[in-house]
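Visitor: Add 81 to the 1-based position in the sequence shown for our numbering, that's all there is to it.
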Amino acid sequence: MKGITITDSDQRGILSVSLSDLLAVLQTTIKDSVWTCDYVESTGKASVELHRVCDRKSKLDSESLARLASGLDQVIDGTFSAFRAHQSRPWLIIRAVDSSAYEVETDDAQLLESFRTRFQRVFDIPQ
Numbered sequence: 082m083k084g085i086t087i088t089d090s091d092q093r094g095i096l097s098v099s100l101s102d103l104l105a106v107l108q109t110t111i112k113d114s115v116w117t118c119d120y121v122e123s124t125g126k127a128s129v130e131l132h133r134v135c136d137r138k139s140k141l142d143s144e145s146l147a148r149l150a151s152g153l154d155q156v157i158d159g160t161f162s163a164f165r166a167h168q169s170r171p172w173l174i175i176r177a178v179d180s181s182a183y184e185v186e187t188d189d190a191q192l193l194e195s196f197r198t199r200f201q202r203v204f205d206i207p208q
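(1) Apart from the five residues just before and just after residue 132, which ones in its own chain have a Cβ nearer than 7 angstroms to its Cβ?
(2) From which residue to which residue does the beta strand (DSSP E) around residue 103 run?
(3) In terms of residues, what are the limits of the alpha helix (DSSP H) holding residue 195?
(4) DSSP beta-bridge partners for residue 185?
(5) Please state whether the Cβ-Cβ distance between residue 107 and residue 156 is less than 7 angstroms.
(6) So who's on the other strand from residue 158, going by DSSP bridges?
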């Protein structure tokens with residue numbers, strides 16, 4: 082998979098990109114995906130529910146993940162992996178990195194380009 086790192090920040094240097102922002106870019110392409118999450122640390126009213134889902138290794142549909150993401154103030158760390166039906170490998174991985182960046186990995190070059198045009202500070206992850 083190829084990947085990018087997104088580090089858009091506000092004037093104070095605080096990450097200005099949220100999981101909700103990323104899911105909005107992905108809206109049509111993730112419709113039929115099932116998600117898993119690992120090692121998530123977050124804040125906000127949906128944090129308890131998200132942590133419960135992750136701890137139980139439950140799967141989420143994209144709509145449920147988007148609903149939870151909209152109730153988060155911040156995702157500090159965590160990995161969100163999207164799977165298509167009957168596939169054992171994720172086709173997309175979103176990783177929150179220490180409240181300072183998001184990494185997005187996929188083989189879908191068009192999707193990576195969508196992130197490049199939507200966000201300002203986007204860098205390729207070295208392979």
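Cβ atoms here follow ideal geometry from the backbone N, Cα and C, with glycine treated the same way.
Guide: Per the coordinate set shown:
(1) Taking the sequence shown and counting its residues from 1, the one referred to as residue 132 is at position 51. These residues qualify, in order along the chain: 121.
(2) For the purposes of this step, residue 103 is taken as the residue at position 22 of the sequence shown. Careful: residue 103 lies outside any beta strand (DSSP E), inside the alpha helix (DSSP H) at 100 to 107.
(3) The count along the sequence shown starts at 1 and reaches residue 195 at position 114. Looking at the DSSP string, the run of the alpha helix (DSSP H) that includes residue 195 is 190 to 199.
(4) Residue 185 sits at position 104 when you count from the first residue of the sequence shown. Paired residue(s): 85 and 175.
(5) As a first step, residue 107 must be located in the sequence shown, where it is residue number 26. As a first step, residue 156 must be located in the sequence shown, where it is residue number 75. No. Outside cutoff.
(6) Against the sequence shown, residue 158 aligns to sequence position 77. The partner list for residue 158 (beta bridge, DSSP) reads 122.
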